[in-house]
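K.L.:
As you go down the protein sequences, you meet chains A and B in turn. Counting in the numbering used here, the first sequence runs without a single skipped number right up to 336 at its last residue. Counting in the numbering used here, the second sequence runs without a single skipped number right up to 672 at its last residue. Heads up, the beta-carbon is just placed ideally off N, CA and C, and yes, glycines get one too.
2 protein chains.
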Amino acid sequence: MENELTKVSVDAMGGDNAPLEIVKGAVEAVNESDKIKVFLVGKEEVLNETLKSFEYDKSRIEVVNATEEITCDDSPVAAVRTKTDSSISVALRLVKEGQADAFVSAGSTGAVLVGAQLIVGKIKGVERSPLAPLIPTRKGYALLIDCGANVDARSSHLVQFAKMGSIYMRDVFGIKNPRVAIVNVGLEEEKGNKLVKETYPLLKDCDDINFIGSIEAREIPNDFADVIVCDAFVGNVILKLYEGLGKTLIGMVKESIKSSFISKIGGLLIKKKLKMALANMSSDAYGGAPMLGLNGLVIKTHGSSKAIEVKNSILQCISFKEQNITEKFKQNLVQN
Amino acid sequence: MENELTKVSVDAMGGDNAPLEIVKGAVEAVNESDKIKVFLVGKEEVLNETLKSFEYDKSRIEVVNATEEITCDDSPVAAVRTKTDSSISVALRLVKEGQADAFVSAGSTGAVLVGAQLIVGKIKGVERSPLAPLIPTRKGYALLIDCGANVDARSSHLVQFAKMGSIYMRDVFGIKNPRVAIVNVGLEEEKGNKLVKETYPLLKDCDDINFIGSIEAREIPNDFADVIVCDAFVGNVILKLYEGLGKTLIGMVKESIKSSFISKIGGLLIKKKLKMALANMSSDAYGGAPMLGLNGLVIKTHGSSKAIEVKNSILQCISFKEQNITEKFKQNLVQN
Chain A
1 MENELTKVSV
11 DAMGGDNAPL
21 EIVKGAVEAV
31 NESDKIKVFL
41 VGKEEVLNET
51 LKSFEYDKSR
61 IEVVNATEEI
71 TCDDSPVAAV
81 RTKTDSSISV
91 ALRLVKEGQA
101 DAFVSAGSTG
111 AVLVGAQLIV
121 GKIKGVERSP
131 LAPLIPTRKG
141 YALLIDCGAN
151 VDARSSHLVQ
161 FAKMGSIYMR
171 DVFGIKNPRV
181 AIVNVGLEEE
191 KGNKLVKETY
201 PLLKDCDDIN
211 FIGSIEAREI
221 PNDFADVIVC
231 DAFVGNVILK
241 LYEGLGKTLI
251 GMVKESIKSS
261 FISKIGGLLI
271 KKKLKMALAN
281 MSSDAYGGAP
291 MLGLNGLVIK
301 THGSSKAIEV
311 KNSILQCISF
321 KEQNITEKFK
331 QNLVQN
Chain B
337 MENELTKVSV
347 DAMGGDNAPL
357 EIVKGAVEAV
367 NESDKIKVFL
377 VGKEEVLNET
387 LKSFEYDKSR
397 IEVVNATEEI
407 TCDDSPVAAV
417 RTKTDSSISV
427 ALRLVKEGQA
437 DAFVSAGSTG
447 AVLVGAQLIV
457 GKIKGVERSP
467 LAPLIPTRKG
477 YALLIDCGAN
487 VDARSSHLVQ
497 FAKMGSIYMR
507 DVFGIKNPRV
517 AIVNVGLEEE
527 KGNKLVKETY
537 PLLKDCDDIN
547 FIGSIEAREI
557 PNDFADVIVC
567 DAFVGNVILK
577 LYEGLGKTLI
587 GMVKESIKSS
597 FISKIGGLLI
607 KKKLKMALAN
617 MSSDAYGGAP
627 MLGLNGLVIK
637 THGSSKAIEV
647 KNSILQCISF
657 KEQNITEKFK
667 QNLVQN
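#1: Roughly how many whole angstroms lie between the Cα atoms of Ser595 of chain B and Lys272 of chain A?
#2: Figure out for me which residue from A:Glu4, A:Ser108, A:Asp57, A:Pro130 has the closest Cα to the Cα of Ala26 of chain A.
#3: On the DSSP bridge list, what partners appear for Asn529 of chain B?
#4: Across the region 497-517 of chain B and the region 131-146 of chain A, are there enough close Cβ pairs to call them in contact, namely three or more that are closer than 8 Å?
#5: Tell me where the alpha helix (DSSP H) around Val27 of chain A begins and ends.
#6: Look at the alpha carbon of Met588 of chain B and the alpha carbon of Ala277 of chain A, and state the distance between them as a whole number of angstroms.
#7: Extract the residue ranges of the beta strand (DSSP E) inside the region 228-312 of chain A, only unbroken runs of 3 or more that lie entirely within it.
#8: Skipping 5 residues on each side, what residues in its chain have a beta carbon closer than 6 Å to that of His493 of chain B?
#9: Which residues in the same chain as Ser649 of chain B place their Cβ atom closer than 7 Å to its Cβ, once the five residues preceding and following it in sequence are excluded?
#10: Quick check on Arg554 of chain B: does DSSP put it in helix, strand or coil?
#11: If you reduce the DSSP assignment to three classes, tell me which class Pro136 of chain A lands in.
#12: Which runs of the beta strand (DSSP E), 3 residues or longer, sit entirely within the region 406-485 of chain B?
#13: Give the range of the alpha helix (DSSP H) segment to which Gly165 of chain A is assigned.
#14: Mind pulling the chain B residues with CB within less than 7 Å of Ser59 of chain A?
#15: With three or more beta-carbon pairs closer than 8 Å as the criterion, would you say the region 475-482 of chain B touches the region 492-506 of chain B?
#16: For a test of the three-state rule: what should DSSP assign to Phe320 of chain A, helix, strand or coil?
#17: For the region 545-559 of chain B against the region 451-460 of chain B, do three or more pairs of beta-carbon atoms, one drawn from each stretch, fall closer than 8 Å, so that the two count as touching?
#18: What residue from B:Thr445, B:Lys419, B:Ser345, B:Ser550 has the CA that sits closest to Ser640 of chain B's CA?
#19: Helix or strand or just coil, what does DSSP make of Gly342 of chain B?
#20: Is Val41 of chain A helix, strand or coil when you go by DSSP?
#21: Please identify the residue among B:Ile545, B:Ile518, B:Val508, B:Phe569 whose C-alpha is closest to the C-alpha of Asn668 of chain B.
#22: Tell me where the beta strand (DSSP E) around Ile182 of chain A begins and ends.
#23: For Ser129 of chain A and chain B, any beta-carbon pair shorter than 8 Å?
#24: Less than 8 Å between the CB atoms is what I'm expecting for Ile22 of chain A and Ala12 of chain A, so what's the real figure, rounded?
#25: Could you tell me the distance, in whole angstroms, from the CA atom of Leu577 of chain B to the CA atom of Thr67 of chain A?
#26: In this structure, what does DSSP give as the bridge partners for Glu68 of chain A?
#27: Between Pro626 of chain B and Cys317 of chain A, what straight-line distance do the alpha-carbon atoms span, to the nearest angstrom?
#28: Check Phe329 of chain A in the structure and name its three-state DSSP category.
#29: For Gly15 of chain A, count neighbouring C-beta atoms within 10 Å of its own C-beta (all shown protein chains included) and say buried if the count is 16 or more, exposed if not.
#30: Determine, using beta-carbon pairs with one atom in the region 569-583 of chain B and one in the region 233-240 of chain A, whether at least three such pairs fall under 8 Å.
#31: Is there a Cβ from chain B that is less than 8 Å from the Cβ of Asp16 of chain A?
#32: Going by DSSP, which residues form a beta bridge with Asp207 of chain A?
#33: Let me see if you follow: with CB-CB separation under 8 Å, is Ser53 of chain A close to chain B or not?
#34: Is there at least one Cβ from chain B nearer than 8 Å to Leu203 of chain A's Cβ?
#35: Pick from A:Glu49, A:Thr71, A:Leu294: whose alpha carbon is nearest that of Lys122 of chain A?
#36: Check distances from the C-beta atoms of the region 539-559 of chain B to those of chain A and list, in chain order, the residues that come in under 9 Å.
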């Protein structure tokens, strides 16, 4: 039975709401699925104290002590190298040593990305390990791959992103024959910058993905593709503009509602429906961003994560393990 | 007096709403400002017929016959070369020959971009002529430069974009000491892809612009900078995501309002305030996108332009001429 559990090491000290929301998310994950075991990594006494107020199966949450913390002010590379007893380093070593299948953190993105590569390491044959958040669309969500720290990608990287993203969406999220598209400035095959022009024919030649061609940025929110491939610079621009513009527009709607007595009443009447509609556009529901192509799964959640996002990130790891994604990555990327 | 007029040649056949909305926009511009003269370029008999229903100063709208039309299905390069009697080609020649100061079109973006370079030509010393739309922000608008057709830019191009954009925002839109920022994936100077890392120190060294550093995409809607510099691939992604996400979110708000009787009533109560708030986020108010660095001004408006956008685009040309922007571009780009 112990062997069938998906074991997740969780950085209990990372993020704006640590440790309380992280601990709460871990407890909720364990209570929701009996397939999960969590290693809560961080300051032992703090975590044991925090856990006291929750009810859960004691055999499936284990506190692992880590005395140091990496903050967003630390240089990621230096922090991972020198703070070897930080919650991120200790938790990643659990994955490296095979004690955990996956790692979840709301901590410093830089440290997670660097630590994952240095400690867990890439699958042999994987050139780059992309960070691939799920972005909300009108009808659901799409995997935006890559939004990581390595900009200036090569076409061979993008091809691997397309393959890994495709497997992930199919086997972790159950999307049949996921549609793969490359971000471009037009739909015609001859459009694009140097990187896209080089990559397009390579994607077209892949038998093992459902490549549907280019996607213009205006179609991204429109449920046009399931796996959206781009280099990390463009991915970061898309991801952050998504967040910024969504926030600005929703803020403007709210401000306009508050601006008069009449519109305030109107606001009360639409509140419930509006909330339901916009809930879809929130990333919390899907959990954090997986970092793919490593010897294990690493999931980075928002720094502002609450328990629900932590819980959903932990639960995502079950399919990853059960579907043997790492093995599929190896077969798919090496054989081609 | 004739000499002091700003003369604008207008592609009366381009865009989804041609010729009616284009003609109407031209008439409104002439009626609003006595500094404007318009050459309406297109099929003579159609335009004369359309003009009949409007009141305006007959001496300031002149129809110029052009028998051909370039459609969005035409290859831009071929169309500009072979359809020499198209409204775009004829109107651009008026600028080339100095009969008009500026050109406005809602027609094929590709044909306008190609035609502007081939027929009007770049100012000597300008390496690339960027297309720079105004994008709405929470408090106003910012110039996004470049969103044109030339991707794979070099750092020297981006430096020229920053200078031209700065002059344009200062002298055409009256923004004092416009803040210039470069699109990046983080705020630190060492962040970025190869292009951004090369360009950042060059911008920092420019004495004649107010360079404030990097801008992350999430801050773009937030009135963080007045001139936002990037290569055309990234610019196109930003511009189109702006349109797409705005449309999707506003659509979701509307759908949620329509989804029940109660929320419909609420919707009626907030309608006026909501409309006012979102009007800011509409591009119509500012007119079309200028293409800078040419021997004259070229303005590309949306294909779906109505009279108001055409009018505002034509009126933008007055400051461009009166402030002698072309001369300032020459001085600023050549001397450095």
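P.N.:
The short version:
#1: About 11 Å.
#2: A:Asp57
#3: None, per the DSSP bridge assignment.
#4: No: the two stretches stay apart, fewer than three of their Cβ pairs being nearer than 8 Å.
#5: Start and end: 20-32.
#6: 6 Å
#7: 289-291, 297-300
#8: Contacts found: Glu463, Arg464.
#9: Val440, Gly623, Gly624, Ile635, Thr637
#10: helix
#11: Three-state result, Pro136 of chain A: strand.
#12: 438-441, 470-472, 477-481
#13: 155-171
#14: Result: empty, since nearest Cβ-Cβ is about 42 Å, beyond 7 Å.
#15: yes
#16: helix
#17: No, because fewer than three Cβ pairs between the region 545-559 of chain B and the region 451-460 of chain B fall closer than 8 Å, the two stretches do not touch.
#18: B:Thr445
#19: According to the sequence displayed, residue 342 of chain B carries Thr and not Gly. Correct three-state label for Thr342 of chain B: strand.
#20: The answer is strand: DSSP assigns Val41 of chain A an E or B state.
#21: Of the candidates B:Ile545, B:Ile518, B:Val508, B:Phe569, the one whose C-alpha sits nearest the C-alpha of Asn668 of chain B is B:Ile545.
#22: Its beta strand (DSSP E) spans residues 179-183.
#23: no
#24: 5 Å
#25: If I take the Cα positions, the gap works out to 43 Å.
#26: A:Ser86
#27: Cα to Cα, Pro626 of chain B sits roughly 50 Å from Cys317 of chain A.
#28: helix
#29: buried
#30: yes
#31: no
#32: According to DSSP, Asp207 of chain A bridges with nothing at all.
#33: no
#34: no
#35: A:Leu294
#36: Glu552, Ala553, Arg554, Glu555, Ile556, Pro557, Asn558
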